[in-house]
Amino acid sequence: MKAVVLTAVNEIGVAEVEKPKATAGKSVVKILACGICGTDRHIYHGEYPGDKPVILGHEFGGVIEEVAPGSKFKVGDLVSVDPNIVCGTCVDCLALRTAFCPSLTALGVNINGGIAEYVLTPDTQIYLVRPDLNPLYLAFIEPLACSIRGLDLADLKGGEKVAVLGGGVMGLLVVQLAKLAGASEIVLVTRQKYRREVALKIGATRTIDPINESVTDLIKGMDVTFECAGAVETFEQSQQITRRGGAIIVLGLTASDTKVSIKPFDIVVNEHRIQGSYLNPLTQARSAELVGSGKLNLDILISKVVDLDGVKAILDAPPAEGDIKYIVRP
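Quick note on numbering: the sequence shown equals residues 0 to 329 in numbering that gives the first Met the number 0.
See below:
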């Protein structure tokens with residue numbers, strides 16, 4: 000089969016590799032869609048830890064191609080895959096803090112993932128989706144699961160004023176989730192005009208261009224701020240625009256060596272809760288159900304669909320102006 004293999008930092012290409020075979024507790028999934036994530040870029044450029052060689056891709060789903068005897072799945076099932084494999088028995092797993100499992104192994108990061116024609120997947124990581132689902136939507140279930148985790152931590156009750164800093168796929172999913180949660184005001188901040196236009200169509204009440212407008216002058220007193228850009232500037236802005244006693248949920252991923260300045264005095268007197276949100280612990284099933292419900296506008300987020308040969312060019316360049324989500328369809 001063909002797969003996109005990362006062999007070293009900044010060295011990637013399409014290669015012929017052996018097609019996997021089902022083994023006890025593991026099924027072979029034929030990939031129908033795999034999203035390209037900012038984390039993939041970080042791994043590619045050596046800014047996020049990952050094993051090599053490895054087939055990239057952790058936002059994927061497809062059709063069950065082969066199962067082992069005793070599997071609860073059957074050939075032809077349409078499925079989503081949670082890439083984060085945990086032990087289930089450690090202190091963190093038992094406390095439902097699965098993202099902190101010391102044995103955590105991720106498909107597409109530590110072991111072969113979904114930017115390939117087929118992938119071998121533990122049955123524990125597989126979730127059935129409605130059989131008539133648009134296969135391209137499979138690429139959204141994992142990032143949506145991460146976004147749902149952020150909303151869980153924010154604990155919106157309805158009526159809150161929400162700011163979303165960053166207009167990539169994560170930010171635009173958070174906009175839609177905040178709308179579903181009943182936020183009274185949703186402000187999206189992003190440099191790209193097209194993404195601002197999209198945000199207004201899917202739930203934002205207003206948008207701000209941080210290049211030509213002052214974010215900290217125009218936004219004040221937000222109940223919850225979601226940092227989805229993974230940038231020093233937006234992390235610092237989040238503390239300035241969030242009300243005293245408000246929450247800052249950090250979803251954006253920076254390079255692993257990025258540092259920011261923090262004033263402990265301000266955190267104390269403002270009682271800001273700065274909360275990181277890592278991975279998708281226990282939210283994959285809810286995400287698959289929500290994607291299948293039709294309550295989200297996902298078509299508007301799809302910018303380009305490429306085959307395996309188109310992946311390297313995407314990873315070699317920053318997202319093109321206006322682009323939101325790239326999906327690989329092997």
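Backbone N, C-alpha and C define an ideal beta-carbon position, used for all residues, glycine too.
Residue pairing of Cys227 in beta bridges, as defined by DSSP: absent, with no partner found. DSSP places Gly61 in the uninterrupted beta strand (DSSP E) bounded by Glu58 to Glu65. Spatial neighbours of Glu65 in its own chain (CB-CB distance under 8 angstroms, excluding positions within 5 residues in sequence) are listed in chain order as Lys20, Ala21, Ser26, Val27 and Val74. In this structure Gly220 is exposed. Its beta-carbon is surrounded by fewer than 16 other beta-carbon atoms within 10 angstroms.
By the CB criterion at 8 angstroms, Ala138 and Ile313 fall outside the cutoff. Judged by beta-carbon spacing, Arg328 lies within the 8 angstroms limit of Ala32, meaning their Cβ atoms are closer than that value. Taking the C-beta atoms as reference points, Asp50 is found nearer than 8 angstroms to Asn109.
Around Gln175, the same chain offers Ile201, Gly202 and Leu295 as residues with beta carbons nearer than 6 angstroms, after the five sequence neighbours per side are excluded.
A check of alpha carbon separations from Leu143 across Val223, Met169, Leu250 and Val118 identifies Met169 as the nearest.
Beta bridge pairing from DSSP links Thr233 with no other residue. With 16 or more other Cβ atoms from the protein chains shown falling within 10 Å of its own Cβ, His57 counts as buried. Collapsing the DSSP output to three states places Leu95 in coil. Taking 8 angstroms as the cut-off, the beta carbon of Arg285 is found closer than this to the beta carbon of Ile147.
Here DSSP, grouped into helix, strand and coil, assigns Gln274 to strand. Non-local beta-carbon contacts of Gly181 in its own chain, meaning distances under 6 angstroms to residues more than five positions away in sequence, involve Gly157 in chain order. Beta-bridge pairing by DSSP links Ile207 to Val188. Residue pairing by DSSP places Pro121 opposite Lys25 in a beta bridge.
Beta-carbon to beta-carbon, Asp122 and Phe59 are separated by about 16 angstroms, too far to satisfy the 8 angstroms threshold.
Fully enclosed beta strand (DSSP E) runs of no fewer than 3 residues occupy 117 to 121, 125 to 127 and 160 to 164 of the segment 102 to 184, in order along the chain. If you draw a straight line from the Cα of Thr224 to the Cα of Gly107, it comes to about 30 angstroms. The shortest C-alpha to C-alpha distance from Leu217 to any of Gly245, Ile240, Ser255 and Glu196 is the one to Ile240. DSSP places Tyr325 in the uninterrupted beta strand (DSSP E) bounded by Lys324 to Val327.
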